[in-house]
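K.L.:
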Ligand SMILES: [Fe+2]
Ligand SMILES: [Fe+2]
Ligand SMILES: [Fe+2]
């Protein structure tokens, strides 16, 4: 392979990854970008230091990532969510370990806390950053915007609703700032443009981090949890796939960089599942045709979510083709034979192996004998690569141990993140 280095902007990754959630409904379209844009404009207007403006902008891009069920995702754009803190707390917990988002994490945590005449300055003795109230105001403003009507026509109505909630729900100084900004048409026209946060990023004033391979691994791990924690059924899946694929890549002679790329591809391979409905995701029995149609879209979405990032091209093919088969009967691209790279073949084996060996709430994982039977049968049908499967069985105990450890770790993290 010709790459010796992968560098990618944190901004580009967050925009691609946050748009996965927005696939759930057209009402969510650009929601993270819009909130990032407006929250940044508010922070800029009240003169917060640049470092805080940056954290607020990043917090806007990820603020609803703790929203894990599709039901919750639809609720958050409707009205003030009932489960007010859960997705904020969960989101904060999910991103806090990733250092470029540590500042954003503290902001996300309280982004639905009402001001309550000043009571919202703290929460159970913990100081609540003003930045959280900025995200709250930006979020509630953006969620009132209807995409099918002129924004400037809607603005007076939106503002009067917000003003009616000043002091009670929103910090009054911020409501004044929003009123000032309402006079600048360009802000609102920016807000409903195709990529509202891009112009802030492009201006370079926020100096957003460029990630190297190890940071991309770390951020992908965070995202694997957002993908997997949507359901107890899948809670440990991507962790197992990623570590298995990395171990197989090592056995097949991939370079150190390529092995890290494989790990990233494994963490992100089911990214498109964020857009799959809860009922389909959590069905313990065989999917009917309509449900399977919904499921079949997930790798298509993974592909198109990662596609805007040229630097991730190879990783994307490894991640997104995991349901393709050598005999051409896979989905959704029907790539076959030599057109499936070794990396994609490794991912396919890692995915099936993990899926059949992992325990799920409704069934036990398969034994060694059963696993071997299933995988050999798939090789005989020319569905998956025989050399990769041979490699797995030359070192089965070690690779299975790697999978189990990764999945136990993911399970622990799941229990810590999700309220019982
Ligand atoms: Fe939210
Ligand atoms: Fe939101
Ligand atoms: Fe998948």
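In the working numbering, the protein residues as written are 19 to 438. Cβ atoms here follow ideal geometry from the backbone N, Cα and C, with glycine treated the same way.
Could you give the residue range of the alpha helix (DSSP H) that holds residue 35?
P.N.:
Residue 35 -> alpha helix (DSSP H) spans 28-40.
K.L.:
For a test of the three-state rule: what should DSSP assign to residue 144, helix, strand or coil?
P.N.:
Strand, per DSSP.
K.L.:
Confirm, please, whether the CB-CB distance from residue 207 to residue 52 is below 7 Å.
P.N.:
Cβ atoms of residue 52 and residue 207: not closer than 7 Å.
K.L.:
From residue 428 to residue 254, what does the alpha carbon distance come to, in whole angstroms?
P.N.:
For residue 428 and residue 254, the distance between alpha carbons rounds to 5 Å.
K.L.:
With a threshold of 6 Å (Cβ to nearest heavy atom), would residue 218 be considered close to ligand 1?
P.N.:
Outside the cutoff, so no.
K.L.:
Can you tell me which of the three DSSP states residue 20 falls into?
P.N.:
Confidence is the limiting factor: at residue 20 the pLDDT is only 47, short of 50, which leaves the residue's position unreliable, though a coordinate-based value still follows. Of the three classes helix, strand and coil, the one that applies to residue 20 here is coil, per DSSP.
K.L.:
Classify residue 315 as helix, strand or coil using the three-state DSSP reduction.
P.N.:
Here residue 315 sits in coil by DSSP.
K.L.:
Rounded to whole angstroms, how far is the Cβ of residue 342 from the Cβ of residue 334, which I believe are closer than 8 Å?
P.N.:
Actually they are not in contact, since the Cβ atoms of residue 342 and residue 334 sit about 13 Å apart, beyond 8 Å.
K.L.:
Please go through the same chain and pick out, in chain order, the residues whose beta-carbon is closer than 6 Å to the beta-carbon of residue 19, but skip the five residues on each side of it.
P.N.:
Unreliable placement is indicated for residue 19, whose pLDDT of 47 sits below 50; no coordinate value is reported for it.
K.L.:
Does the beta-carbon of residue 144 have 16 or more other beta-carbons within 10 angstroms, so that it is buried, or is it exposed?
P.N.:
Classification of residue 144: exposed, given that the 10 Å Cβ count is below 16.
K.L.:
Exposed or buried, residue 228, counting other C-beta atoms within 10 Å across all chains shown (16 or more means buried)?
P.N.:
Exposed, by the Cβ-count rule.
K.L.:
Does the beta carbon of residue 94 fall short of 6 Å from some heavy atom of ligand 1?
P.N.:
Checking the Cβ of residue 94 against ligand 1 gives yes.
K.L.:
Please tell me whether residue 284 and residue 317 are closer than 7 Å, where the distance is taken between their beta carbons.
P.N.:
Against a cut-off of 7 Å, the Cβ pair of residue 317 and residue 284 comes out as no contact.
K.L.:
Taking 6 Å as the line, does the beta carbon of residue 82 fall inside it for any heavy atom of ligand 2?
P.N.:
Yes.
K.L.:
At the level of alpha carbons, what is the spacing between residue 293 and residue 392?
P.N.:
One C-alpha to the other measures close to 29 Å.
K.L.:
Look up residue 441 in the DSSP assignment and say whether it is helix, strand or coil.
P.N.:
The shown model of the chain, from 19 to 438, leaves out residue 441, and the question about it has no answer.
K.L.:
Only counting the same chain, and skipping five residues up and downstream in sequence, which positions put a Cβ closer than 8 Å to that of residue 344?
P.N.:
354, 355, 358, 363, 400, 401, 402 and 403, listed in sequence order.
K.L.:
In terms of alpha-carbon separation, which member of 346, 44 and 84 lies closest to residue 436?
P.N.:
Taking only the C-alpha atoms, the option nearest residue 436 is 84.
K.L.:
What separation, rounded to the nearest whole angstrom, lies between the Cα atoms of residue 300 and residue 191?
P.N.:
Computed Cα separation, rounded: 45 Å.
K.L.:
Ignore the nearest five residues each way along the sequence and tell me which others in residue 77's own chain have a CB closer than 6 Å to its CB.
P.N.:
Only 122, 125, 126 and 153 meet the Cβ criterion.
K.L.:
Say the cut is 6 Å; is the CB of residue 157 nearer than that to a heavy atom of ligand 3?
P.N.:
No, since every heavy atom of ligand 3 falls outside the 6 Å radius drawn around the Cβ of residue 157.
K.L.:
Would residue 231 pass as a contact of residue 288 if the rule is Cβ separation under 7 Å?
P.N.:
Cβ atoms of residue 231 and residue 288: not closer than 7 Å.
K.L.:
Quick check: residue 58 and residue 218, are their CB atoms within less than 7 Å of each other?
P.N.:
In contact: residue 58 and residue 218 (Cβ atoms closer than 7 Å).
K.L.:
Under three-state DSSP, which class holds residue 53?
P.N.:
Helix, per DSSP.
K.L.:
Using the rule of at least 16 other Cβ atoms within 10 Å of the residue's Cβ for burial, across every protein chain shown, is residue 48 buried or exposed?
P.N.:
The residue in question, residue 48, is buried, as its Cβ has 16 or more Cβ neighbours within 10 Å.
K.L.:
For the alpha helix (DSSP H) containing residue 88, list its first residue and its last residue.
P.N.:
Element bounds for residue 88: 88-93.
K.L.:
First and last residue of the alpha helix (DSSP H) that includes residue 326?
P.N.:
Where residue 326 is concerned, there is no enclosing alpha helix (DSSP H), given that its DSSP letter is neither H nor E.
K.L.:
Can you tell me whether residue 389 is buried or exposed? The criterion is at least 16 other CB atoms within 10 Å of its CB, across all chains shown.
P.N.:
Residue 389 is buried by the Cβ-count criterion.
K.L.:
DSSP three-state label for residue 371, please.
P.N.:
The answer is helix: DSSP assigns residue 371 an H, G or I state.
K.L.:
By the 10 Å Cβ neighbour count, where 16 or more other Cβ atoms means buried, how is residue 307 classified, buried or exposed?
P.N.:
Its Cβ having fewer than 16 others within 10 Å, residue 307 is exposed.
K.L.:
To the nearest whole angstrom, what separates the beta carbons of residue 424 and residue 257, a pair I think is in contact under 8 Å?
P.N.:
Rounded, the Cβ-Cβ distance is 4 Å, consistent with contact.
K.L.:
What residue does the alpha helix (DSSP H) around residue 408 start on, and which one ends it?
P.N.:
Taken as a continuous stretch (DSSP letters only), the alpha helix (DSSP H) holding residue 408 covers 404-412.
K.L.:
For residue 418 and residue 382, I'd like the C-alpha separation in whole angstroms.
P.N.:
Approximately 15 Å, taken between the alpha carbons.
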